[in-house]
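In this note's numbering, the protein residues as written are 153 to 661. Don't be surprised by glycine CBs; every beta carbon is placed ideally from N, CA and C. Predicted model, so just to flag it, every value in this text is computed and none were measured.
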Amino acid sequence: MPTASAAVRPAAVLILAAGEGKRMKSATPKVLHTLCGRSMLGHVVAAARELSPERLVVVVGHGREQVSAHLTAIDGSARPVVQEVQHGTGHAVRIAMEALGADGALDGTVVVTYGDTPLLTAGTLDALVTVHQGAGNAVTVLTANVPDPTGYGRIVREGGAVAEIVEQKDASPEQAMIREINSGVYAFDAKLLVEGLSRLTTANAQGEEYLTDVLGILGADGHRVGALTVADHHEILGANDRAQLAELRRVFNARLTGHWMREGVTIVDPATTWIDVQVELEPDVVVYPNTQLCGETRISAGAEVGPNCTLTRTVVGAGARVTNATTDGAEIGEDASVGPYTYLRPGTRLERRAKAGGFVEMKNAVIGEGSKVPHLSYVGDASIGAGCNIGAGTITANYDGVKKHRTEIGDHVFVGTNTVLIAPAKLADGTYVAAGSAIVQEVPAGALAVARGRQRNIPGWVGLRRPGTKAAEAALAAGRSAQVPEQVNTGGPLGEHADDSSGSSETIG
Numbered sequence: 153m154p155t156a157s158a159a160v161r162p163a164a165v166l167i168l169a170a171g172e173g174k175r176m177k178s179a180t181p182k183v184l185h186t187l188c189g190r191s192m193l194g195h196v197v198a199a200a201r202e203l204s205p206e207r208l209v210v211v212v213g214h215g216r217e218q219v220s221a222h223l224t225a226i227d228g229s230a231r232p233v234v235q236e237v238q239h240g241t242g243h244a245v246r247i248a249m250e251a252l253g254a255d256g257a258l259d260g261t262v263v264v265t266y267g268d269t270p271l272l273t274a275g276t277l278d279a280l281v282t283v284h285q286g287a288g289n290a291v292t293v294l295t296a297n298v299p300d301p302t303g304y305g306r307i308v309r310e311g312g313a314v315a316e317i318v319e320q321k322d323a324s325p326e327q328a329m330i331r332e333i334n335s336g337v338y339a340f341d342a343k344l345l346v347e348g349l350s351r352l353t354t355a356n357a358q359g360e361e362y363l364t365d366v367l368g369i370l371g372a373d374g375h376r377v378g379a380l381t382v383a384d385h386h387e388i389l390g391a392n393d394r395a396q397l398a399e400l401r402r403v404f405n406a407r408l409t410g411h412w413m414r415e416g417v418t419i420v421d422p423a424t425t426w427i428d429v430q431v432e433l434e435p436d437v438v439v440y441p442n443t444q445l446c447g448e449t450r451i452s453a454g455a456e457v458g459p460n461c462t463l464t465r466t467v468v469g470a471g472a473r474v475t476n477a478t479t480d481g482a483e484i485g486e487d488a489s490v491g492p493y494t495y496l497r498p499g500t501r502l503e504r505r506a507k508a509g510g511f512v513e514m515k516n517a518v519i520g521e522g523s524k525v526p527h528l529s530y531v532g533d534a535s536i537g538a539g540c541n542i543g544a545g546t547i548t549a550n551y552d553g554v555k556k557h558r559t560e561i562g563d564h565v566f567v568g569t570n571t572v573l574i575a576p577a578k579l580a581d582g583t584y585v586a587a588g589s590a591i592v593q594e595v596p597a598g599a600l601a602v603a604r605g606r607q608r609n610i611p612g613w614v615g616l617r618r619p620g621t622k623a624a625e626a627a628l629a630a631g632r633s634a635q636v637p638e639q640v641n642t643g644g645p646l647g648e649h650a651d652d653s654s655g656s657s658e659t660i661g
């Protein structure tokens, strides 16, 4: 969304985020609880920044160290102002305005909003400022008509104009029936706001300075008090407990999935698909059920993800297929294949048409174009060239107890099943490794590496040691006896033999 024009650029945006949030029952300050890839405060700051305010102030109190540190991380130019003791919204705004006044006289529009209203959009804030300035109001309040107004301040109108805002505890029975409520979001004339704040009292049920009383003060002085009613009441919803936070998360996620479907993405089941705000999807992406797309994940056109996937900070190339997989910090190339039951950890990159198959884990690994790690393997701290086939059960033993070491595999290498490549290991182009090998030395180009013990068959062992078992009966039925001479395995899939240093005949499996 474009930022606000210079004509409606506010002098300041004040975000009130000092509350304790007792009903969250959490060691984490309420405004730092997250939904859709950001904290609640992070969503509010992002929306406020799109107005391009001259100053952005966040009033902090409970958990100030955590909130201030988080604010620095997400927006280093935003200014925290401490409310030592929480004496109401008017008190919080007065402290913020006093802090800004110390920097010089403030002139223009001041927007006040809350750190626990993450659904509020920049478009609505921009509309509020535009209406406020266009009407020449002293204050403009954002209102909403809600199904259940319990807990909110009621908008009391006279002749269509806003006369006052009455808090829940101070409302009469008639006022409590009003369904138009105060969102807590305002646009003020800065100078008139300072004047109104100076005249606040604590003569109310809670003994606090109500920011809402400023509207009555300014109205009584003959200044214009206006209102803008938001089209979707969900935008003004806040979260006071975990159940309300879950509802905000559901609404926000529905907003995101709806946006991407309108952009040409197929989301088979939006109710079980969760998308963070940082995610980018191209047209003709297909997302199957039970999928979570987290952080700065980017998925290119024609790729299919899901079902049952969690992708975090992952790049997926055009035409790739990812199913039943967990990835974090991985890059999946065009037409590559991942899954099922695959774990790609940070630093993993699959080139075009590469494959990480079932029950495969990779970490800090590069898999070359067209190479396959089909199943039941661990590839860590390794580079695999193009056109390779890594057999089932292969492990790159990358850790010696102190340091990590890399395994380097060239192009068109074949590694047999149940192989351990003990790093630092190097397999040159065109090499083969026999199944069941433990490789500790460099394998030169075109060589076959065999590193396993000699096979020995003990004739008649089953009949002697396991008499009466099904296996013994099967052996007898097959005509075997203790007199069968000792044999060794002399053939393999390639129909070739390979002698190790002890003279045993080995197969490539």
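Do you know whose CA, among the options, lies nearest residue i's CA?
i, options, result
"A342", "T261, P611, R376 and V283", "T261"
"L600", "R617, V565 and A626", "V565"
"G481", "S489, L502 and L208", "L502"
"M329", "A477, D428, R306 and R497", "R306"
"A477", "L445, W613 and G359", "L445"
"F340", "Q430, A534 and D259", "D259"
"R504", "E594, I519, V512 and G510", "I519"
"D300", "H284, I333 and A590", "I333"
"Q285", "A379, S324 and E217", "A379"
"I561", "V437, G582, K174 and A472", "G582"
"Q320", "D278, V293, T364 and V403", "T364"
"T494", "R473, D487 and E448", "R473"
"S204", "D373, P162, G543 and T500", "P162"
"I419", "L579, P459, V429 and G368", "P459"
"G522", "G543, P181, V567 and D487", "D487"
"D552", "P422, A575, I369 and A544", "A575"
Would you say residue i and residue j are within 8 Å of each other, going by their C-beta atoms?
i, j, result
"N570", "G588", "yes"
"T468", "V439", "With the sequence shown as reference, residue 468 is identified as Val, and Thr is not the correct amino acid for it. Not closer than 8 Å, so no."
"G586", "V602", "Strictly speaking, residue 586 in this sequence is Ala, with Gly absent from that position. Contact flag set, yes."
"A296", "S335", "yes"
"R376", "G312", "no"
"K524", "N541", "yes"
"L271", "E399", "no"
"K515", "S489", "no"
"V382", "L496", "no"
"L133", "I427", "Nothing in the structure corresponds to residue 133, since the chain is present only between 153 and 661."
"D533", "T500", "no"
"G447", "R465", "yes"
"L579", "V595", "yes"
What are the boundary residues of the alpha helix (DSSP H) that residue i is part of?
i, result
"A225", "R216 to I226"
"H527", "Segment K524 to H527 is the beta strand (DSSP E) holding H527; no alpha helix (DSSP H) there."
"G537", "Run containing G537: none; DSSP gives neither H nor E here."
"D480", "Run containing D480: none in the alpha helix (DSSP H); it sits in the beta strand (DSSP E), A477 to D480."
"G253", "T241 to G253"
"E560", "Per DSSP, E560 belongs to no alpha helix (DSSP H); it is in the beta strand (DSSP E), T559 to I561."
"I610", "First-last for I610: undefined, no H or E at that position."
"A372", "T364 to A372"
"A627", "K622 to A629"
"N405", "R394 to R414"
"G378", "Counting along the chain, G378 falls outside any alpha helix (DSSP H), though it belongs to the beta strand (DSSP E) covering V377 to T381."
"Q327", "P325 to A328"
Short of 8 Å in beta carbon distance, which residues of its chain neighbour residue i, apart from the five on each side in sequence? Order them along the chain.
i, result
"L628", "G615"
"L208", "A164, V165, I167, V197, A200, R201, D227, S229, A230 and R231"
"V308", "V314, A315, E316, I317, V318, Q327 and I330"
"P435", "E415, G416, V417 and A453"
"A251", "V209, R231 and V233"
"V337", "V263, V264, T265, Y266, T269, L272, L277, L280, V293, L294 and I388"
"T449", "D428, Q430, V431, E432, L463, T464, R465, T466, V467 and V468"
Report whether the distance from the Cβ of residue i to the nearest heavy atom of the ligand GTP is below 7 Å.
i, result
"G336", "As for the ligand GTP, it is missing from this structure, which has no ligand bound."
So, for residue i: in the same chain, excluding its five sequence neighbours on each side, which residues have a beta-carbon less than 6 Å away from its beta-carbon?
i, result
"P645", "Caution applies to P645, whose pLDDT of 43 falls short of 50 and renders its modelled position unreliable; the model cannot decide the point."
"A590", "V572 and A603"
Start and end of the beta strand (DSSP E) containing residue i?
i, result
"D341", "E332 to D341"
"V464", "The residue asked about is misnamed: residue 464 is Thr in this sequence, not Val. First-last of the beta strand (DSSP E) with T464: C461 to T464."
"P232", "R231 to V234"
"N297", "V291 to N297"
"G510", "K507 to G510"
"Q358", "No beta strand (DSSP E) holds Q358; DSSP gives it neither H nor E."
"T282", "Element bounds for T282: not the beta strand (DSSP E) but the alpha helix (DSSP H), A274 to A287."
"R201", "That residue, R201, is in no beta strand (DSSP E); its alpha helix (DSSP H) goes M192 to R201."
Might you give, ordered along the chain, the residues of its own chain that have their beta carbon closer than 7 Å to the beta carbon of residue i, omitting 5 neighbours on each side?
i, result
"T282", "V160"
"T424", "P441 and N442"
"L349", "G242, V245, R246, M249 and V366"
"R632", "Only weak support exists for where R632 lies, its pLDDT of 41 falling under 50; the coordinates are left without a value."
*Touch check for the stretch 229 to 243 and the stretch 187 to 196: three-plus C-beta pairs under 8 Å?*
no
*Would you call the stretch 169 to 181 and the stretch 209 to 219 in contact, with 3 or more CB pairs under 8 Å?*
yes
*Is the stretch 541 to 551 touching the stretch 526 to 533, taking contact as three or more C-beta pairs under 8 Å?*
yes
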